[in-house]
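Single-structure report; data block below.
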Amino acid sequence: MMLTAPATAPRERATSEHRIAADLAVRAHLVELIGQGVAVTLVTPSGTTLSARLIHEDTTARELRFEPLGDAAALHRLGEAEEAVVVAYLASIKLQFDLIGLRVCDGELVACYPRELFRFQRRNAFRVRTEPPPQLAAKFGQLQPILTGGPELLLGDPAVPASRRRLRVLDLSHGGLSLLLPAPDPTLALGTRIPAASLELTPSLPIHIALRVVRSEALSGPDGPRRLGCEMEGLSGVAARTLQRWIDEWQVQAKVMAG
């Protein structure tokens, strides 16, 4: 089985510069999550994952309430967990915070108000859209775009050809990528970990990666194509250098073509 629930909670390395502990600042970010109706991912240390929306924050009662978007079994397991990590995205930032005091009440997940959040700037400056510059092949032959004109992600078990499928990569950075999913797929829900996939920068330049689905956005209605945002996990040194070299060359060519 190539797609699995996460084995551990997705904690990004945080430093003091990422920490938000002031009550007003913490509340401001939580209120923004509620106002935008953002789907967040909750993950326990044992690997239970639930997609949910933060629907209420109460600074007096010191509690949060989440509306679950996943199955009842996952909600029940979250309610029995001692703690969970929440990962959410707001425009160009990633928010991450711990939850304790989890319980299920009237079909909602209730937790203690977090004392602090961690805010990470998403590295859009290093992210490239993968529509190909037409002269890329002439400049750098082995990086010739493939098929639809850019990188693709190959999923499935190599030993089972029928399980293999390709997804178009819409944009790419050294820490993550966005995929075009032709139709909703429950095996690629928020929080899903893909432990083994091949990112084909070109047909002759694949790198092996693990991914976690952290965003899912409908592009044309609930049954239409979706844009999946994924974070890379455990990228090897060789793979990271190959990816950075490819991104650097792509950016150079994009600037040349832009004049």
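Here the sequence shown stands for residues 5 to 263, numbered as in this note's numbering.
Ideal placement from N, C-alpha and C gives every residue a C-beta, glycine not left out.
{"Item": "Alpha helix (DSSP H) segment containing Glu84, residue limits", "Value": "76–84"}
{"Item": "Neighbourhood of Ser182 by C-beta distance below 6 Å, restricted to the same chain and skipping five residues each side", "Value": "Leu174, Asp175, Arg231, Gly233"}
{"Item": "Within 8 Å, strictly: CB atoms of Val217 and Leu192", "Value": "yes"}
{"Item": "Alpha helix (DSSP H) segments (min. 4 residues) lying fully within the stretch 23–79", "Value": "27–40"}
{"Item": "Residue(s) in a DSSP beta bridge with Gln100", "Value": "Val91, Phe122"}
{"Item": "Whole-angstrom C-beta distance between Pro118 and Leu103, which should lie under 8 Å", "Value": "7 Å"}
{"Item": "Exposed unless 16 or more other CB atoms sit within 10 angstroms - verdict on Val35", "Value": "exposed"}
{"Item": "Arg219 Cβ short of 7 Å to the ligand COA heavy atom set", "Value": "With respect to the ligand COA, the structure offers nothing, as it holds no ligand at all."}
{"Item": "For Thr191, three-class secondary structure by DSSP", "Value": "helix"}
{"Item": "Glu120 versus Ala25: straight-line alpha-carbon distance, rounded", "Value": "4 Å"}
{"Item": "Spatial neighbours of Phe101 in its chain, beta-carbon cut-off 6 Å, leaving aside the 5 residues before and after", "Value": "Val90, Pro118, Leu121"}
{"Item": "Status (buried if at least 16 other CB within 10 Å, exposed otherwise) for Ala78", "Value": "buried"}
{"Item": "Counterpart residues of Ser202 in DSSP-defined beta bridges", "Value": "Leu158, His212"}
{"Item": "Assigned exposure category for Leu223 - 16 Cβ within 10 Å defines buried", "Value": "exposed"}
{"Item": "Beta-carbon proximity check, Ala214 vs Pro199, cutoff 8 Å", "Value": "yes"}
{"Item": "Local Cβ density within 10 Å of Leu113, reported as buried at 16 or more and exposed below that", "Value": "buried"}
{"Item": "Cα-Cα separation, Thr45 to Leu184", "Value": "20 Å"}
{"Item": "For Gly180, three-class secondary structure by DSSP", "Value": "strand"}
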